Amino acid sequence: MSRLESWAGADSDWERIPQDLDRVRRTDSIIALIFALVGILGIELMRSIDMLSGIPYPGWVPHLAVITAAIPLAFRRVYPLTIAGLLSLHMLVTGLSMPAVMSSMPLQILYFFALFTGVAWARDRRAMVIVVGLVLVVMFGWIAWQFAVGSGIEDILSHNGKQIPHQGLFAPIAAFITYTVMVNIVYFGGAVLGGQAAWRAAQQRARLVEQAETIERQSEDLQRQAVVEERLRIARELHDVVAHHVSVIGVQASAAQRMLRRDPDIAEASLRSIETSSRDAVTQMRGLLGTLRSSDPVDANDRAPEPNLPDVRGLVDEVRDTGFDVTLDVVEDEPGALSAVSAPIGLSLYRTVQEALANVRRHSTATKAHVSVRVSHAPQPRFANGYAEVEVVDDGRPRPGTSGSGLGLLGVRERLSTHGGVSEIGPRVTGGYRVRVRLPLGESK
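Counting from 1 along the sequence shown, just add 3 to a position and that's the residue number in the working numbering.
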């Protein structure tokens with residue numbers, strides 16, 4: 004029984020429901036009208052060739068039988084099981100009272116169509132199994148009753164009062180019974196199997212539509228997520244750019260103010276540095292904000308070149324030009340290892356150094372800092388393909404009243420989690436502050 008329910012779809016919660024009910028009703032009403040007209044025409048053709056002379060009813064009764072069978076088809080997809088059951092009952096009653104009318108081609112097609120629709124559109128699949136099962140039991144029971152107590156197979160097989168002789172491989176009675184059963188198996192089986200195939204096809208189409216909608220929603224979600232992630236990245240970049248250049252401008256402005264009267268040349272150099280830093284900051288911020296304003300997806304090819312690990316040298320030189328004592332050590336286990344570091348890793352490490360140096364100048368009493376850049380391809384416990392590392396240490400203490408927003412170190416930790424690295428950020432036991440970040444290198448190509 005469980006296999007039958009599974010085949011019939013009784014274990015599924017999907018229901019085949021007409022989407023546009025008004026259009027469905029109009030279409031089915033037209034179909035019902037066509038069946039009625041064709042059926043009436045068929046009855047008149049049968050009367051014209053004297054095939055209905057044995058019916059003991061007035062001439063309008065066969066037409067009434069056709070019309071009452073066709074009208075319910077107007078509701079075949081709204082009430083599929085009800086219509087299938089009613090027309091099966093109509094077939095039984097008409098067959099008992101007017102066998103010739105019931106066996107006419109238009110009505111046979113009509114009954115087949117009704118049963119097919121009942122299976123194809125039934126929303127309650129368990130009820131469909133019960134109704135169709137009852138229809139099949141009644142119909143084949145009726146056939147068996149006809150063979151048993153009907154007008155007699157001998158009379159059916161007689162011709163002009165004489166029995167049909169045994170001419171083929173089979174006896175006439177056995178051949179007639181087998182033929183009748185086979186025809187009805189094909190008739191009812193075709194309606195049931197065809198209807199079930201139509202229901203399965205509709206279910207598959209509905210699932211494909213649902214999957215397409217799900218994929219579309221997921222695609223939109225992924226696009227929105229990509230935009231959010233890109234804008235968060237831009238926000239971190241903007242913070243780093245602003246923090247670095249504003250810090251440089253502040254230091255140079257202070258130096259220019261102190262040296263304006265004592266040494267105008269030094270003051271002029273500081274002002275030029277302020278001009279350069281402000282232009283760089285404006286240029287970079289214009290590009291970042293332009294990306295934020297754009298409604299189009301961000302294309303990596305449209306971005307300006309981003310700094311990489313070798314650019315740490317220029318960053319240190321820029322900070323040193325402001326008068327801050329900063330030194331740099333670069334350790335490579337092989338020539339060119341620094342330039343070979345991938346762009347995402349290099350940018351993350353560059354921004355880490357930039358943020359650390361900006362914090363030293365804004366929030367620390369340090370007078371000097373030391374930057375170390377290391378690249379090693381030697382396997383480590385957490386870095387199978389080696390690592391790239393930056394370290395910034397200073398000799399100062401936190402300056403009172405200069406606490407930052409925390410966004411800089413938050414950006415460092417986000418980059419760290421993105422690349423699966425490790426860090427050491429905090430005060431040193433011997434004094435000063437350390438920011439050290441180590442990120443894994445990818446596999447060598």
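Every residue, glycine too, gets a C-beta built ideally from N, C-alpha and C.
Given the structure is predicted, the values throughout are model-derived calculations rather than measurements.
1) Taking Cβ to Cβ, would you say residue 390 is nearer than 7 angstroms to residue 379?
2) Measuring alpha carbon to alpha carbon, tell me which residue in 372, 91 and 403 is nearest residue 395.
3) Would you kindly check if the distance between the Cβ of residue 368 and the Cβ of residue 400 is under 7 angstroms?
4) Is DSSP giving residue 51 helix, strand or coil here?
5) Please name the residue or residues paired with residue 391 in a DSSP beta bridge.
6) If residue 87 and residue 121 are in contact, beta carbons under 8 angstroms, what's the gap, nearest whole angstrom?
7) Among all the DSSP beta bridges, which residues are the ones paired with residue 373?
8) Compute the Euclidean distance between the alpha carbons of residue 210 and residue 20, then round it to the nearest angstrom.
9) Within 10 Å of its beta-carbon, does residue 164 have 16 or more other beta-carbons around it, so buried, or fewer, so exposed?
10) Using the beta-carbon count (16 or more within 10 Å), is residue 173 buried or exposed?
11) Keeping to the same chain, check which residues put their C-beta closer than 6 angstroms to that of residue 198; ignore five residues upstream and five downstream.
12) Quick one: grab the DSSP three-state call for residue 83.
13) Helix, strand or coil for residue 433, going by three-state DSSP, please let me know.
14) Closer than 7 angstroms by C-beta to residue 14: which residues in its own chain qualify, once you throw out the five before and the five after it? Chain order, please.
15) Examine the Cβ distances between the segment 54 to 68 and the segment 94 to 106 and report whether three or more of them are shorter than 8 angstroms.
16) If you pair each beta-carbon of the segment 217 to 225 with each one of the segment 141 to 151, do three or more pairs fall below 8 angstroms?
17) So, using beta-carbon positions, are residue 115 and residue 194 closer together than 7 angstroms?
18) Whole angstroms are fine: how far does the CA of residue 382 sit from the CA of residue 365?
19) On the CB-based measure, 16 or more other CB atoms within 10 Å of its CB, does residue 83 come out buried or exposed?
20) Residue 423: buried (16+ other C-beta within 10 angstroms of its C-beta) or exposed?
21) At 4 residues or longer, what runs of the alpha helix (DSSP H) sit wholly inside the segment 91 to 144?
22) Rounded to whole angstroms, what is the Cα-Cα separation between residue 126 and residue 66?
23) With DSSP collapsed to three states, give me the class of residue 186.
24) Is the beta carbon of residue 329 closer than 7 angstroms to that of residue 323?
25) Give me the Cα-Cα distance between residue 431 and residue 337, rounded to the nearest whole angstrom.
26) Check each candidate in 398, 319, 332 and 313 and name the one with the smallest Cα separation from residue 348.
27) Secondary structure at residue 427, three-state DSSP: helix, strand or coil?
28) Which class does residue 75 belong to by DSSP, given the choice of helix, strand or coil?
29) For the putative contact between residue 339 and residue 388, defined by C-beta atoms under 8 angstroms, what is the C-beta separation to the nearest angstrom?
30) Just verifying my parser: in three-state terms, what is the DSSP assignment at residue 367?
31) Nearest CA to the CA of residue 140: which residue from 363, 62 and 187?
32) Using 8 angstroms for Cβ pairs, my map puts residue 438 next to residue 359. What's the rounded Cβ distance?
33) Should residue 69 and residue 46 be called a contact, given that it needs their Cβ atoms to be closer than 7 angstroms?
34) Measure the beta-carbon distance from residue 351 to residue 442 and round it to whole angstroms, keeping in mind my assumption that it falls under 8 angstroms.
A quick look at the data gives this:
1) Between residue 390 and residue 379, the gap from beta carbon to beta carbon is short of 7 angstroms.
2) Among 372, 91 and 403, the Cα nearest to that of residue 395 is on 372.
3) Yes, the pair counts as a contact, with Cβ atoms nearer than the cut-off.
4) Three-state DSSP puts residue 51 in a helix.
5) Paired residue(s): 378 and 442.
6) About 3 angstroms; that satisfies the 8 angstroms criterion.
7) Beta-bridge partners assigned by DSSP to residue 373: 330 and 396.
8) One C-alpha to the other measures close to 14 angstroms.
9) Caution applies to residue 164, whose pLDDT of 49 falls short of 50 and renders its modelled position unreliable; the value that the coordinates give is listed next. So residue 164 ends up on the exposed side.
10) Burial is judged here by how many other beta carbons sit within 10 angstroms of a residue's own beta carbon; residue 173 has fewer than 16 and is exposed.
11) Excluding sequence neighbours, residue 198 sits near 119, 122 and 123.
12) Look at residue 83 here: in three-state DSSP terms it is helix.
13) Of the three classes helix, strand and coil, the one that applies to residue 433 here is coil, per DSSP.
14) 8, listed in sequence order.
15) Touching, yes, given that three or more Cβ pairs across the two stretches are closer than 8 angstroms.
16) At 8 angstroms Cβ cutoff, the stretches do not touch.
17) Yes, Cβ-Cβ distance for residue 115 and residue 194 is below 7 angstroms.
18) In this structure, the alpha-carbon of residue 365 lies about 37 angstroms from that of residue 382.
19) In the assembly as shown, residue 83 is a buried residue. Its beta-carbon has 16 or more other beta-carbons within 10 Å.
20) Result: exposed.
21) Secondary structure in the segment 91 to 144: the alpha helix (DSSP H) runs of 4 residues or longer, each lying completely within the stretch, are 102 to 105 and 108 to 124 in chain order.
22) Cα-Cα distance, rounded: 32 angstroms.
23) Residue state, collapsed to three classes: helix.
24) For residue 323 and residue 329, yes; Cβs fall inside 7 angstroms.
25) Cα to Cα, residue 431 sits roughly 30 angstroms from residue 337.
26) Cα-wise, what sits closest to residue 348 is 313.
27) Of the three classes helix, strand and coil, the one that applies to residue 427 here is strand, per DSSP.
28) Three-state result, residue 75: helix.
29) No, residue 339 and residue 388 are not in contact; Cβ-Cβ is about 16 angstroms, not under 8 angstroms.
30) In the structure shown, residue 367 adopts extended strand secondary structure according to DSSP, grouped into three states.
31) When the alpha-carbon of residue 140 is set against those of 363, 62 and 187, the nearest one is in 187.
32) In this structure residue 438 is in contact with residue 359, their Cβ atoms being roughly 4 angstroms apart against a cut-off of 8 angstroms.
33) Yes, the pair counts as a contact, with Cβ atoms nearer than the cut-off.
34) A Cβ-Cβ distance of about 6 angstroms is found for the pair residue 351 and residue 442, placing them in contact under the 8 angstroms criterion.
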